[in-house]
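In the working numbering, the protein residues as written are 1 to 298. Glycine is no exception: its CB is placed at the ideal position from the N, C-alpha and C atoms. Taking it in order: structure first as structure tokens, then the write-up.
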Amino acid sequence: MQHYSMTPSTFDQDLDMSQMELPPRPTLFDFHGVSMIKHVTENWDSVQNFKARPDDILIATYPKAGTTWVSYILDLLYFGQTSPERQASIPIHERVPFLEISTPSRPSGKDLADQLPTTPRLIKTHLPVQFVPKSFWEQNSRIIYVARNAKDSAVSYFHFNRMNIAQPEPVVFGSWYDHVNGWWEKKQTYSNLHYMFYEDLIEDCGREIDRLCSFLGLSPSAEEKERVTNGVTFDNMKANKMTNYSSVPVMNHRVSPFMRKGKVGDWKNHFTVAQDKQFEEDYKQKMKNPTLKFRTEV
Ligand code: A3P
1 MQHYSMTPST FDQDLDMSQM ELPPRPTLFD FHGVSMIKHV TENWDSVQNF
51 KARPDDILIA TYPKAGTTWV SYILDLLYFG QTSPERQASI PIHERVPFLE
101 ISTPSRPSGK DLADQLPTTP RLIKTHLPVQ FVPKSFWEQN SRIIYVARNA
151 KDSAVSYFHF NRMNIAQPEP VVFGSWYDHV NGWWEKKQTY SNLHYMFYED
201 LIEDCGREID RLCSFLGLSP SAEEKERVTN GVTFDNMKAN KMTNYSSVPV
251 MNHRVSPFMR KGKVGDWKNH FTVAQDKQFE EDYKQKMKNP TLKFRTEV
């Protein structure tokens, strides 16, 4: 097999055996045309009835697009200076609740979002655009959508599924194509949506923070901006217990760390040339919208 690199294809590796003692992974099923698991559909009516506020900020992504990165950027921009204890003791997934998640042992994402004491409330979702609770549109809440190229998303998701037993095999939240295109189309009619790309963040995080600030109407001082930019580097987020997901029991970081590589183009270490050709052919069929363009290298 011809590889882009000499690294063996990790697609061929089996799951870590230590996971065999843990509870079984949830089953994937079709939910109104989207592959889902019970942990994101069980609380459906309650999630659909979520009461968004005009000053809420929803961070929407297909999984592995840089959700945690952008969540932390926003958290630092809004609360980095005012709440040092928040930065030191509350993990990012509690500061920015995952709206649709509902598991037996923990409060639901919807309840956590309801109880957020902050203004604005930062809320995360992986829902495709058609499933977003209608109050967000009615309240004209601001939404930030982060998209990442399909190949790196696939690689990142593959490794995440190896390390997180709350994930089914293969993937939840449906088709990447439907997700990125559905949100892209929404942007054409809903002006309070900022659509951004993981690749742009990698290329110039400072520029992307400026764009975010202009969308949000924020004007941090040069010093504040420097503090945020420095706090959200890959190495600093990987070392930070509040942002590296090290406290989440369903994740086994020995199998693959949540903060794994943080690069554009890691797909070249995983796809063979033949797989890439096949992928590109399928991509051409499925990505019909010429205005939505992704970079697989920067
Ligand atoms: P990799 O698996 O390619 O390393 P999400 O938060 O949506 O689950 O996305 C996780 C992906 O974003 C992982 O990608 C992770 O390493 C990457 N990521 C998180 N924070 C990052 C940062 N500060 N810089 C670059 N990549 C980051």
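Check: Proximity test, Phe173 beta-carbon vs the ligand A3P heavy atom, cut-off 7 angstroms; Outcome: no
Check: Exposure label - Lys277; buried when at least 16 CB within 10 Å; Outcome: exposed
Check: Burial state of Ala113, where buried means 16 or more other Cβ atoms lie within 10 Å; Outcome: buried
Check: Val228: CB within 7 angstroms of a non-hydrogen atom of the ligand A3P; Outcome: no
Check: Close Cβ partners of Asn240 (< 7 angstroms) along its chain, the five nearest in sequence each way excluded; Outcome: none
Check: Limits of the unbroken beta strand (DSSP E) element including Tyr195; Outcome: Leu193 to Phe197
Check: Contact between the stretch 185-204 and the stretch 135-151 (3+ Cβ pairs under 8 angstroms); Outcome: yes
Check: CB of Phe131 within 8 angstroms of CB of Leu58, strictly; Outcome: no
Check: Outcome for Ser219 when other beta-carbon atoms lying within 10 angstroms are tallied against a minimum of 16; Outcome: exposed
Check: Cβ pair Ile73, Val228 closer than 8 angstroms; Outcome: yes
Check: Selection from Asp55, Asn230 and Arg260 that minimises the alpha carbon distance to Gly80; Outcome: Asn230
Check: For Leu15, three-class secondary structure by DSSP; Outcome: Because the pLDDT at Leu15 is just 36, under 50, the model does not fix this residue reliably, and the value given afterwards should be weighed accordingly. Three-state DSSP puts Leu15 in coil, outside helix and strand.
Check: Residue range of the alpha helix (DSSP H) that includes Arg227; Outcome: Ala222 to Gly231
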